[in-house]
Amino acid sequence: MKPGEAYRMKAAQLDSQARRESKASVRLELFHLATAYIRLAEQADRNSHLDIVYETPPPPGDNRLSN
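So my numbering is basically just the index in the sequence shown, starting at one, shifted up by 211.
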């Protein structure tokens, strides 16, 4: 499964819910949320090709990295 698939599934659920919604303002907000989840899916797919490692910085006053 691609990294963004969970976001795409959520977007599909929101889209389906929006199509069943009778209140226009709620329907529009659900469509906006679905669009946001699609963007998250695309970003997750792009990020999956990166190899980034986050290292927690040492606590203040830790001089182990000083020369």
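No residue lacks a Cβ here, since even glycine has one placed at the ideal position from N, Cα and C.
Please read all numbers here as calculations on a predicted model, not as lab measurements.
Could you give the distance in angstroms between the alpha-carbon of Leu241 and the alpha-carbon of Pro270?
-> 43 angstroms
For Glu253 and Glu266, the rounded distance between their alpha carbons | 25 angstroms
Which residue from Gly272, Met212, Gln224, Arg231 puts its Cα closest to that of Thr246?
-> Gln224
Which first and last residues belong to the alpha helix (DSSP H) in which Asp226 is found?
-> 216-231
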